[in-house]
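Structure, as structure tokens:
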Amino acid sequence: MLQASCPMPPSFSLALPHTILFMMNKLIITGLFAILVIACGGNTSGKDVSTLDGKAIYVEKCVVCHGMDGKLSLNGSKDLTLATTTEAERIVQITKGKNTMTPFEGILTPEEIKAVAAYTMTLSAQ
Ligand code: HEC
């Protein structure tokens, strides 16, 4: 009766240190692998810097009229997902403005305007 309440085999206490060591090894290997994956993932996503900047600028300066997806069309603004203009034409329009659209010359640098124009090109693809 007393034996039944303690089903652990005597060898268990001896096996324990090995089990812990084995588990720690596995944890360390898993940890290293995770770091490797994070490091490599960061490299690939860092490739397309212009699109990332363009999106940040768009969110900051353009969503008020065009909306997150470009479809808001506030204040008579065009649905950017349906726009057929080229990237070069958009750069001119963003720089100089048009009707109620703000000219971004002096607000954004030419590089930022190029990046945000490139980002609007990705909206029409969706
Ligand atoms: C104050 C509101 C407003 C803001 C802010 C604004 N736009 Fe516009 N946008 C408009 C309006 C209005 C039009 C349509 C102008 C027209 O053709 O009469 C337009 C048109 C456009 C077009 C042309 C679409 C086509 O048919 O080719 C692009 C591209 C564009 N905007 C990009 C942007 C970008 C990028 C930003 C941010 C840097 C921005 N807009 C910020 C109001 C705005």
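Read in the working numbering, the sequence shown has 1003 at position 30, and its numbers run on one by one without any break. Heads up, the beta-carbon is just placed ideally off N, CA and C, and yes, glycines get one too.
| Query | Result |
| --- | --- |
| Closer than 7 angstroms to a non-hydrogen atom of the ligand HEC - does that hold for the CB of residue 1032? | no |
| Name the one or two DSSP bridge partners that residue 1071 has. | 1074 |
| With the cut-off set at 8 angstroms, would you say residue 1071 and residue 1078 are in Cβ contact? | no |
| Determine the direct distance from the alpha carbon of residue 1056 to that of residue 1044, and round the result to whole angstroms. | 10 angstroms |
| By how many angstroms is the C-alpha of residue 1076 removed from the C-alpha of residue 1032? | 17 angstroms |
| Any residue with its C-beta under 7 angstroms from a non-hydrogen atom of the ligand HEC counts. Can you list them all in chain order? | 1030, 1031, 1034, 1035, 1037, 1038, 1039, 1047, 1048, 1049, 1050, 1051, 1053, 1056, 1057, 1058, 1062, 1063, 1066, 1067, 1071, 1072, 1073, 1074, 1075, 1077, 1081, 1089, 1090 and 1093 |
| Is residue 958 helix, strand or coil when you go by DSSP? | What the structure shows of the chain is the stretch from 974 to 1099, and residue 958 is not part of that stretch, so it cannot be assessed. |
| By Cβ distance, which residues of its chain are closer than 7 angstroms to residue 1060, with the 5 residues on each side in sequence left out? | 1090, 1091 and 1094 |
| With respect to the alpha helix (DSSP H) encompassing residue 1038, which residues constitute its N-terminal and C-terminal limits? | 1036–1039 |
| Given a cut-off of 8 angstroms, decide if residue 1081 and residue 1030 are closer than it, judged by their beta-carbon atoms. | yes |
| Taking the alpha carbon of residue 1053 as the point to measure from, which residue in 1073, 1040 and 1065 has its own alpha carbon closest? | 1040 |
| Expressed to the nearest angstrom, what Euclidean distance is found between the alpha-carbon atoms of residue 1026 and residue 1034? | 12 angstroms |
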